[in-house]
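In full-length UniProt numbering, the protein residues as written are 1 to 591. All remarks here apply to the structure that follows.
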Amino acid sequence: MRIKIAVVAGLGVLAWLLPYTIDSYAIHVVNVIIIFALLAVGLGLAMGVAGQVNLAQVAFFGVGAYATAILTTRAGLGFWFAAVLAIVITVVIGLLVGTPALRVQSHYLGIVTLGLALAFTNWVTNAQIAGGAEGISAIPAPELPGVDLSSEYLFYYLELIVFALALAFGLFVVRTGLGRRMRAMRDDSLAAGALGAEVPLLRMTAFLLASVYGGVAGVLYAGLIRFVAPESFGIANMFLLLGMVIIGGRQSLIGCVTGAVALYLVRELLSDHPTYAQIGYGAVVVLVVVFAPTGLAGIPPRLRALRRSSGTAARLQPFQAYETDVSSDDATILAIDGISKHFRGLKALDDVSLSVATGEIRGIVGPNGSGKTTLFNVISGLYKPTAGRVEFGGRDMTNVTPYRLSRAGLSRTFQNLRLFGDLTVRENVLVALDRSRTLDSWQYVLAPWLVSARDRRLRAEAGAVLDRFGLVEFAGQAPKALPYGIQRRVEIARAVAARPGLLLLDEPAAGLNGEEVRQLGEMVRSIRDSGVTVVLIEHNMGLVMSLCEKVTVLAGGRIIAEGTPAHVAATPAVIEAYLGDVMEIPTEATR
Ligand code: ADP
Ligand code: MG
Numbered sequence: 001m002r003i004k005i006a007v008v009a010g011l012g013v014l015a016w017l018l019p020y021t022i023d024s025y026a027i028h029v030v031n032v033i034i035i036f037a038l039l040a041v042g043l044g045l046a047m048g049v050a051g052q053v054n055l056a057q058v059a060f061f062g063v064g065a066y067a068t069a070i071l072t073t074r075a076g077l078g079f080w081f082a083a084v085l086a087i088v089i090t091v092v093i094g095l096l097v098g099t100p101a102l103r104v105q106s107h108y109l110g111i112v113t114l115g116l117a118l119a120f121t122n123w124v125t126n127a128q129i130a131g132g133a134e135g136i137s138a139i140p141a142p143e144l145p146g147v148d149l150s151s152e153y154l155f156y157y158l159e160l161i162v163f164a165l166a167l168a169f170g171l172f173v174v175r176t177g178l179g180r181r182m183r184a185m186r187d188d189s190l191a192a193g194a195l196g197a198e199v200p201l202l203r204m205t206a207f208l209l210a211s212v213y214g215g216v217a218g219v220l221y222a223g224l225i226r227f228v229a230p231e232s233f234g235i236a237n238m239f240l241l242l243g244m245v246i247i248g249g250r251q252s253l254i255g256c257v258t259g260a261v262a263l264y265l266v267r268e269l270l271s272d273h274p275t276y277a278q279i280g281y282g283a284v285v286v287l288v289v290v291f292a293p294t295g296l297a298g299i300p301p302r303l304r305a306l307r308r309s310s311g312t313a314a315r316l317q318p319f320q321a322y323e324t325d326v327s328s329d330d331a332t333i334l335a336i337d338g339i340s341k342h343f344r345g346l347k348a349l350d351d352v353s354l355s356v357a358t359g360e361i362r363g364i365v366g367p368n369g370s371g372k373t374t375l376f377n378v379i380s381g382l383y384k385p386t387a388g389r390v391e392f393g394g395r396d397m398t399n400v401t402p403y404r405l406s407r408a409g410l411s412r413t414f415q416n417l418r419l420f421g422d423l424t425v426r427e428n429v430l431v432a433l434d435r436s437r438t439l440d441s442w443q444y445v446l447a448p449w450l451v452s453a454r455d456r457r458l459r460a461e462a463g464a465v466l467d468r469f470g471l472v473e474f475a476g477q478a479p480k481a482l483p484y485g486i487q488r489r490v491e492i493a494r495a496v497a498a499r500p501g502l503l504l505l506d507e508p509a510a511g512l513n514g515e516e517v518r519q520l521g522e523m524v525r526s527i528r529d530s531g532v533t534v535v536l537i538e539h540n541m542g543l544v545m546s547l548c549e550k551v552t553v554l555a556g557g558r559i560i561a562e563g564t565p566a567h568v569a570a571t572p573a574v575i576e577a578y579l580g581d582v583m584e585i586p587t588e589a590t591r
């Protein structure tokens, strides 16, 4: 921590002294680099952190710059007033560009945003108010009492202060709840939604952030160059910007800044050979994508991971049981009534009805392909049922979005594990613990201390969850590097961290060894005893028989039996459904 403060202070002093050491051309280059670094941070937030392909960043930049130019020269407003309006206009455009992100994803979003960027250059080249191909010149310099901002040396300080604030804000976002949820959405938007992340709103927020950075950069550009023309905001600069973010490392804002500085300097060095420059940084981008997909910023963590793997290995600690919560009522927590789910011709679920009492551990068994996972997907809002009704906690929850269900107290795990691979184990748990709303993100601007206080509280809670599940030694690791059994445990810890009333576990014992299955049984029973109702899909019949009070058997999308484990095991229809299947139904003797 102390070292970090010293490094930041040292860099600050160096940055402050820089203008004393360089000539007027160099200070101009530095000023332009800072503007590109701002743009890169904005693009990094949308694309690297939130995973939203955004090729319109250069258009946000253009809107900010052109709005300042038009409002000062055509409408005669003062620079600062025009600047504020320009940023507001850019944010409005940012939200418009973000609208398609609510519906389309990844490469489609790339095409849509690219189209919007092209439309912008087209418009400014042709519109009279934007000065056509000649652009707009004679933009007044921003006025500040006692400081002549038409001097590039002094303008540098304005940029430096704005940039430091913008970077600090970006880092604050990335390291707290909002950024964590955006990163979770990038890694697995489905799982993020199932843990309460309001995915569409988060995508909009990503575009909003990118547009603020673009707008601020545009205003600074207009104030610095005092001339705007279409080619500054064209596709060539968009690709330069993309290159900066990819080379630097899109998941790290510091990486984006590094990439911006490095690539701009390369372009500057090669400015006499524009063709070679294009080929040069094209080649560098390709090399980075192939050999260092996480960019320059990904290299130090990789080195650290190498060093760690040679050190002592982390160990799994035993699970610590919950206190028993004896308060019980016989209410029905989950009621499924006549649910059908058809995929084209296939009836994955056909008129399924069942109800689960509060405090129960219900087993769902059935041969592969019998519709068990589909049933969970319908309950947790991932699939819309073709017919029927789901009632959860006494309320109709059919067709309710996953994040609303999560907030209402439903939590689940996935058959094929859906951990956030690029988040640490601790952060995986934090995403589930954090129940704050995306709409409360205004606190980041108006009350950042509330955000930090909440984050500190959440970290303490996450520590307690990791401790209970014996995962403390893995807290800082990425889950994808961990053994399968530990990943399964992390996913259960994450699902429980969301403090559900109803927990759905989809084949939690798959791939576990005998001892791990025993520990799992202990965990599930303790989770139930703490007051959580559990529904469990499982192939391990021993586990089902020992854990569940009641078992529902599915075959071919229909319920063929329901009752105590002993009762269903003796039902002829069940025995018939399992004939030929690899599983064996344990009898009294083998249990
Ligand atoms: P289980 O979990 O019991 O093994 P599933 O619920 O995964 O079974 O699948 C039930 C049936 O529905 C299978 O035949 C499967 O191929 C089909 N199915 C599941 N999801 C989809 C989907 N998204 N699109 C088409 N078919 C699906
Ligand atoms: Mg399944």
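Each residue gets a CB set at the ideal place from its N, CA and C atoms; glycine is no exception.
### Message
For Asp272 and Val266, I'd like the C-alpha separation in whole angstroms.
### Response
11 Å
### Paired residues, beta bridge with Ala555 - DSSP
Arg558
### Query
Per the contact definition of three or more C-beta pairs closer than 8 Å, is the region 415-424 in contact with the region 486-504?
yes
### Task
Label Thr590 either buried or exposed according to how many other C-beta atoms from any shown protein chain fall within 10 Å of its C-beta, with 16 as the threshold for buried.
With a pLDDT of only 40 at Thr590, under the threshold of 50, the placement of this residue in the model should not be trusted; the figure read from the coordinates follows. With fewer than 16 Cβ atoms within 10 Å of its Cβ, Thr590 is classed as exposed.
### Message
Between Lys384 and the ligand MG, is there a pair consisting of the residue's CB and a ligand heavy atom that are separated by less than 6 Å?
### Response
no
### Message
Tell me the rounded alpha-carbon separation between Glu391 and Gln105.
### Response
31 Å
### Task
Could you check what DSSP says for Arg389 in three-state terms: helix, strand or coil?
strand
### Residue(s) in a DSSP beta bridge with Val228
Ile136
#### Entry: Spatial neighbours of Arg407 in its chain, beta-carbon cut-off 6 Å, leaving aside the 5 residues before and after
Gly196
### Task
Go to Asp337, then tell me how far its beta strand (DSSP E) extends in each direction, as first and last residue.
332-343
### Message
Is the separation between the beta-carbon of Thr438 and that of Glu198 shorter than 7 Å?
### Response
yes
### Task
For Ala133, count neighbouring Cβ atoms within 10 angstroms of its own Cβ and tell me buried if that reaches 16, exposed if not.
exposed
### Message
As an exercise, report each continuous alpha helix (DSSP H) stretch of at least 4 residues that is fully enclosed by the region 388-418, in chain order.
### Response
402-407
### Task
Tell me whether Val8 is buried or exposed, calling it buried when 16 or more other Cβ atoms sit within 10 Å of its Cβ.
exposed
### Task
Would you give the residue range spanned by the beta strand (DSSP E) that Ser189 belongs to?
Note, Ser189: premise wrong, no beta strand (DSSP E); alpha helix (DSSP H) at 189-194.
### Query
In whole angstroms, what separates the C-alpha of Gln251 from that of Lys480?
17 Å
### Message
My output table needs one value for Ser355: the three-state DSSP class, helix, strand or coil.
### Response
strand
#### Entry: Nearest residue (CA-CA) to Pro274, options Ala236, Gly421, Thr294
Ala236
### Task
Could you spell out the range, first to last residue, of the beta strand (DSSP E) harbouring Gly542?
From DSSP, Gly542 is part of no beta strand (DSSP E) but of the alpha helix (DSSP H) over 541-547.
### Query
Can you tell which of Ala130, Thr125, Ile129, Ile93 has the C-alpha that lies nearest to the C-alpha of Thr113?
Ile93
### Query
Do the CB positions of Phe319 and Phe474 come within less than 7 Å of each other?
no
### Buried or exposed (CB count within 10 angstroms, at least 16 for buried), Ala117
buried
### Query
Taking the C-alpha atoms as reference points, what is the distance between Ser370 and Ala37?
54 Å
### Query
Helix, strand or coil: which one does DSSP assign to Gly363?
strand
### Task
Provide the residue(s) that pair with Asp506 in DSSP beta bridges, ordered along the chain.
Ile537
### Message
I need the boundaries of the alpha helix (DSSP H) containing residue 594, first residue and last residue.
### Response
Because the chain in this structure spans residues 1 to 591, residue 594 falls outside the shown range and cannot be described.
#### Entry: Top-ranked residue by Cα proximity to Ala217, from Gly298, Asp148, Ile87, Val286
Ile87
### Query
Taking all protein chains shown into account, do 16 or more other C-beta atoms lie within 10 angstroms of the C-beta of Thr587, making it buried, or fewer, making it exposed?
In this prediction, Thr587 scores a pLDDT of 46, lower than 50, which makes its location untrustworthy; no coordinate-derived value is stated.
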